[in-house]
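Going letter by letter, the sequence shown gives residues 182 to 963 in the working numbering.
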Amino acid sequence: MTGAFARPYRLPTIFAQRRTLCQTMASGDRRRSGDGRERSCVMAETTREVKRASCFLCHLNCGVLCTKENGRIVKIEGDPDNPHNEGYVCARLEQDRWKDFEYNPNRLKKPLKRAGERGEGKWEEISWDQAFDEMAQRLAALRDEYGAETLCFLEGTYRTQSNLHYKFTNLFGSPNTGGNGTICYSSDMWLEPCTYGGFCSDKSDWKRADLVVLWGRNPAASELLNWQWTLKNMKERGAKLIVIDPRYCEVAQHADLFLQIRPGTDAALALGMINVIIEEDLYDHEFVDAWCHGFDELKVRAAEYPVDKVAEITWIPADKIRQAARMYATTKPACLPWGEKGGDGCGINATSAIRAKAILRSITGNIDKVGGDQLTMPGDRGNTEDMNFSHDALPQEQRDKMVGNDVYPGLTFKGWDIISEAYPRFYPYSNAPLLFRQMVSGDPYPIKACIVQADNPMLAFSNTRLVHEALKSLDLLIVHDYFMTPTAALADYVLPAATWLERCSIGYPTMDVEQVSMAGSMPVVERFEGGTDIDFRDDYEFWYGLSERLGFADKWWGPSYEDMMNDQVAPFGMKFRDFCEKVKYLKVPNEPEKYKKEGFRFLTPTGKVELYSTIIEKLGGGFDPLPSFEYPPNFPEADPDYAAEYPLCMITGARFMPFYHTEHRQPGAYRDLHPDPIFDIHPDTAMALNIASGDWCWIETHKGRIRQRARTTTIVDPRVISVQHDWWFPEKPEAEPSLFGVYESNVNVILDDDPKYLDPLMGSWPLTGASAKVYKCEEGEA
Ligand SMILES: Nc1nc2c(c(=O)[nH]1)N[C@H]1C(S)=C(S)[C@@H](COP(=O)(O)OP(=O)(O)OC[C@H]3O[C@@H](n4cnc5c(=O)[nH]c(N)nc54)[C@H](O)[C@@H]3O)O[C@H]1N2
Ligand SMILES: Nc1nc2c(c(=O)[nH]1)N[C@H]1C(S)=C(S)[C@@H](COP(=O)(O)OP(=O)(O)OC[C@H]3O[C@@H](n4cnc5c(=O)[nH]c(N)nc54)[C@H](O)[C@@H]3O)O[C@H]1N2
Ligand code: SF4
Ligand SMILES: [Mo]
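See the structure below:
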């Protein structure tokens, strides 16, 4: 798996009962007309059918039933029989809001070829054939001139399930696939296997835990379904909740213990908690003695983080830190699910925060327990390792050229090679900040072509001005998306993508220990069905079409996504179409406490949970095998002058409904729910700055300024502001300099990705803990 939340496939083995939901109704009528003569009037036949599908408007993949009439979807509702969501759907599907996505008049309809200057907003409509021919020709020419590594791929929060781009880039010969995974999930996906030879923070057992620790995670806004489970568990089983967040956010309001942490200091808190647990002898002796490597070294390191010091760093009162440590160590089982902001998005302390949390899970013995965080082993979940992504096609000399390989080895091929036995589902990543810089500089080699699929880099990555310059410096930019976006506006070719309702899929609910319950579905709407004039292609067809022209179509499963799905379900002895009809849902039983089995070893070099990481030690480069905390360079402790100019500590990107990142901003039902960008500021701070709730304000850092509307609220500390991310305005002009207002309210314009802010091992950039100042917009500025 790559990527920001990318989804692998899983083929579990339990068949559910057969069920057919399709029904067809025909209607006809005989009428008597005004002259009394009976006329035989056969009404147009209305075909009506109900199709099962998995919603991909977010990663939860809720099971839904789609009612179609005459080729058009008229209703989508939750599937009560789906064991994952049990009929639940969220605001994105309620009240027919999905119609403003699926049937939005602004959806891309046909392939577009740039007709003016890059970013000028002038396009020529062309056919898919012409687009494929020309794109392939230009890619081949660039490969001849600069080498295959000149192509890079950028991915975002994949809403599809696959990592198909890897197959393409491998076959094309380029090692460069970059994306948001570095700050979302993938850093964790590399560091957890380093620690315990598998991944477990996405297999937290929310439903059976006696204590859930939401650490930089607010599922009440980001994964509503998981939040329902947690609430249910709290109510029915009396489970407890600890929340660690700089905001008194939705989940915090239900917490038994809330630690209002200073943004970006999670590594220090985790070390402080480890210290308390060791000092007070609360750790799981049996597990640590039998299964942990490097406890003595950890003990020495943790002692450097006494509670009073940690309280000072984190702004959390010392007694609360102790209380949290005690509660987590003594309430069993407890789960500590993944949370981006308290880990991958922490900037220079990301590795330490992720590792320290992995260590907390380990020394409390919560690893692989029912109600704890269950360990994923190879072949145990996500069988992308079984899928042929043609990794063998990429020679070592090309792998060595991956951008970031030598600088940030964690996520690149260098790191992948080390952990791939333990975690083959993980795929390597080029480092995005370096990739953008290399596009501009051409050093050490030119990056001249970029394919963007399911990503919107002009909004998703920090340092938007650099991203903009980088994308403009390319010879060839290809974007495959549903809508024209600020990124697509800079492209040479923009291709219309098929939505989740228009392609095959396997629902693969994430973030649950039972995430392997899944269902297959054929497209609910076929291409051109229902009179639509949109000539979409799904992501698979996109890659296949290009591969065909470049001469490696035979390496794929066939021309359609269904061909690949057929291969996926081949072990069941049936075609995907039949699978969708016959196999309703699948569940794989969990196998907890695998370490109790004869001959078990954690898939690390020592065969144990590595509190002290021998992998990180052996990487060279002076990386620390134990977690630590360092003040980020923008913090007052590190640079008082800078902090004096930008006194507020800024969080970005706290999730809110109904948007999913940059999506759903088009005018319509979604946008009506949330028309303007909003940042949260404490009333005292606002008052001191003469800001009232609702005022448009400038938010400024050394990178520039953007404007959002103030919401005064005590959920944030007076020293903190929380700024929404991913704002653009599809209703504003496309052509540069506007690019749909991408510079107006997009917080990534003012976040920095300079190497000094990056995690030294993973190369991840900070989404939280930046420094900013705020002031009211003058009249006429908003
Ligand atoms: N509505 C909606 N849901 C989404 C998404 C979306 O765009 N919109 N995106 C999806 C994706 S890709 C992801 S990765 C997930 C993320 O899912 P979450 O991790 O739940 O989401 P966030 O809201 O980014 O962060 C969670 C909490 O971290 C807090 N936080 C901020 N800075 C810090 C910090 O320094 N330390 C700590 N401890 N907490 C901090 C925020 O205040 C917030 O309440 O959400 C997914 N779900
Ligand atoms: N400042 C700040 N920046 C952040 C974050 C933050 O919290 N703060 N969060 C970060 C995180 S966790 C993530 S994961 C990234 C998300 O970054 P992105 O994933 O780049 O953001 P999206 O809006 O999700 O962009 C996805 C684009 O792909 C399109 N799309 C969606 N599904 C598909 C599909 O199946 N096929 C195709 N071809 N196109 C599709 C959408 O229309 C959209 O334009 O943002 C990151 N950026
Ligand atoms: S929670 Fe996600 S998957 Fe479920 S209905 Fe809402 S958008 Fe769809
Ligand atoms: Mo993400």
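Ideal Cβ positions, reconstructed from N, Cα and C, are used throughout, including at glycine.
Which first and last residues belong to the beta strand (DSSP E) in which residue i is found?
i	result
Leu438	438-440
Glu230	229-235
Cys878	877-882
Ile257	253-259
Phe840	Unbroken run through Phe840: none, as it is neither H nor E.
Phe804	Per DSSP, Phe804 belongs to no beta strand (DSSP E) and is neither H nor E.
Helix, strand or coil for residue i, going by three-state DSSP, please let me know.
i	result
Arg212	For Arg212, the predicted structure reports a pLDDT of 37, less than 50, and the residue's modelled location is therefore unreliable. A value from the coordinates is still provided. Three-state DSSP puts Arg212 in a strand.
Gly950	strand
Ile423	strand
Glu960	coil
Ala471	helix
Arg220	In this prediction, Arg220 has a pLDDT of 46, which is less than 50 and means its spatial position is unreliable; nothing more can be read from the coordinates.
Cys830	strand
Trp396	strand
Gln889	strand
Trp408	helix
Cys527	coil
Trp304	strand
Glu566	Annotation note: pLDDT 44 at Glu566 (below 50); position unreliable, no value reported.
Gln634	strand
Gln204	Note that Gln204 scores a pLDDT of 24, beneath 50, so its modelled location is shaky; the value from the coordinates is reported in the next line. Coil at Gln204, not helix or strand.
Thr557	strand
Leu332	strand
His265	coil
Ala499	helix
Pro286	coil
Ala659	The sequence given here has Ile at residue 659, not Ala. Reduced to three states, the DSSP call for Ile659 is strand.
Leu767	strand
Ser945	coil
Lys294	strand
Val904	strand
Ala368	In the sequence under discussion, the amino acid at residue 368 is Ser, which differs from the Ala named in the question. Helix.
Lys520	The sequence shown places Gly at residue 520, not Lys. Correct three-state label for Gly520: coil.
Gly244	strand
Pro773	coil
CB residue i to CB residue j, shorter than 9 Å?
i	j	result
Arg900	Trp496	yes
Leu671	Arg324	no
Gly546	Asp477	no
Leu392	Ala515	yes
Pro941	Phe760	no
Thr882	Pro864	no
Arg482	Leu452	yes
Lys348	Phe570	yes
Asp876	Arg886	no
Leu676	Leu293	yes
Phe816	Ser952	yes
Leu122	Ala436	A query on residue 122 cannot be resolved here, the shown segment of the chain reaching from 182 to 963 and no further.
Lys775	Asp554	no
For residue i, report the span of its alpha helix (DSSP H) as first-last.
i	result
Asp325	309-327
Tyr347	345-353
Val551	Unbroken run through Val551: none, as it is neither H nor E.
Cys761	757-763
Ile797	795-799
Could you confirm whether any beta carbon from chain D is found closer than 9 Å to the beta carbon of residue i?
i	result
Leu352	No chain D appears in the structure shown, which is made up of a single protein chain.
Closer than 5 Å to ligand 3: residues, by C-beta to nearest heavy atom, in chain order
Having a Cβ closer than 5 Å to some heavy atom of ligand 3 are Cys236, Leu238, Cys239, Leu241, Cys243, Val270, Cys271, Arg273, Leu274.
Indicate whether the contact test is met: 3 or more Cβ pairs, each with one atom in the segment 394-403 and one in the segment 520-533, closer than 8 Å.
Between the segment 394-403 and the segment 520-533 there are three or more C-beta pairs closer than 8 Å, enough to call the two in contact.
Does the structure place the segment 611-620 close enough to the segment 354-373 that three or more beta carbon pairs sit under 8 Å?
Touching, yes, given that three or more Cβ pairs across the two stretches are closer than 8 Å.
Any contact of the segment 420-437 with the segment 456-471, i.e. 3+ C-beta pairs under 8 Å?
By the Cβ rule, the segment 420-437 does not count as touching the segment 456-471, because fewer than three pairs are nearer than 8 Å.
Three or more C-beta pairs under 8 Å: does that hold for the segment 728-738 against the segment 255-268?
Taking a cut-off of 8 Å for Cβ pairs, the segment 728-738 and the segment 255-268 do not touch, as fewer than three such pairs fall below it.
Decide if the segment 620-639 is in contact with the segment 659-667; the criterion is three or more beta carbon pairs, one per stretch, under 8 Å apart.
Put simply, the segment 620-639 touches the segment 659-667. At least three CB pairs are less than 8 Å apart.
Would the segment 847-858 count as touching the segment 909-929 if we require 3 or more Cβ pairs under 8 Å?
Touching, yes, given that three or more Cβ pairs across the two stretches are closer than 8 Å.
With three or more C-beta pairs closer than 8 Å as the rule, is the segment 824-835 touching the segment 416-425?
Contact between the segment 416-425 and the segment 824-835 is not established, with fewer than three Cβ pairs separated by less than 8 Å.
Do three or more CB pairs link the segment 915-924 to the segment 330-340 at distances below 8 Å?
Too few Cβ pairs lie closer than 8 Å, so no.
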